[in-house]
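Asker:
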Amino acid sequence: MFIRRYRPVDRDRVIGIWLAASRVGHPFVGEAVLREQQEKVRDVYLPMAENWVAEVEGRIEGFIGLLDDFVGGLFVDPRRHGQGIGRSLLQHAATRHGRLTVSVYEANTEALAFYRRCGFLETSRKPRDAEGRPFAIITMRQA
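UniProt numbering numbers the first residue of the sequence shown as 1 and each following residue consecutively.
This is the structure we're talking about:
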């Protein structure tokens with residue numbers, strides 16, 4: 001596995017990973033919301049974040065977007081879940097920024113379990129997401 005900085009040419013693959021992983025981890029928000037969020041990821045979040053991609057055998061299989069020490073997004077192609085890609089991206093980010101913080105949908109139990117395995121502890125929770133929708137959000141920080 002090779003971790004490198006995101007390049008604009010990576011955008012389509014990264015957006016494809018984001019959508020596939022979001023359909024698995026966030027099915028409760030619905031397809032219309034995912035499509036709306038997809039545009040924001042492409043047009044707003046990717047350009048403003050420090051992004052890194054993980055390549056396996058020359059193909060991008062995951063990415064992480066950082067806003068200083070905050071993990072704005074960590075997504076791995078669902079076909080590659082459980083292969084250490086997400087953990088490697090987190091470790092790479094932590095070496096650059098120290099202890100990390102992340103916010104996760106409460107209903108995304110797989111992501112919550114993953115972050116707990118990586119040493120994150122809950123610091124707060126909110127009953128609604130950033131857009132005011134009724135999807136509880138848990139914020140976690142590395143111990």
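Built from N, CA and C at the ideal position, the CB exists for glycine as well.
What is the DSSP secondary structure of R141, reduced to helix, strand or coil?
Answerer: strand
Asker: Which same chain residues end up closer than 6 Å to V56 when comparing Cβ atoms and leaving out the 5 residues on each side of it in sequence?
Answerer: M1
Asker: Quick check on the DSSP output: the alpha helix (DSSP H) that includes L89 runs from which residue to which?
Answerer: I85 to H97
Asker: Note down the Cα distance separating R141 from V102, rounded to an integer number of angstroms.
Answerer: Distance from the CA atom of R141 to the CA atom of V102, rounded to whole angstroms, is 6 Å.
Asker: Looking at the structure shown, is Y105 part of a helix, part of a strand, or coil, going by DSSP?
Answerer: Looking at Y105 - three-state DSSP - the assignment turns out to be strand.
Asker: Below 8 Å on the Cβ atoms is my contact criterion, and I expect I17 with F63 to pass it. Report the Cβ-Cβ distance as a whole number of Å.
Answerer: Contact flag correct, Cβ pair sits at about 6 Å.
Asker: Kindly confirm or deny that the region 66-79 and the region 14-31 touch, where touching means at least three C-beta pairs closer than 8 Å.
Answerer: yes
Asker: Just the C-alpha distance for L46 and G65, rounded to the nearest angstrom, thanks.
Answerer: 7 Å
Asker: In chain order, what are the residue ranges of uninterrupted alpha helix (DSSP H) at least 4 long that sit wholly in the region 32-79?
Answerer: Runs of the alpha helix (DSSP H) inside the region 32-79: none found.
Asker: With a Cβ-Cβ cutoff of 8 Å, do R42 and L34 count as a contact?
Answerer: For R42 and L34, no; Cβs fall outside 8 Å.
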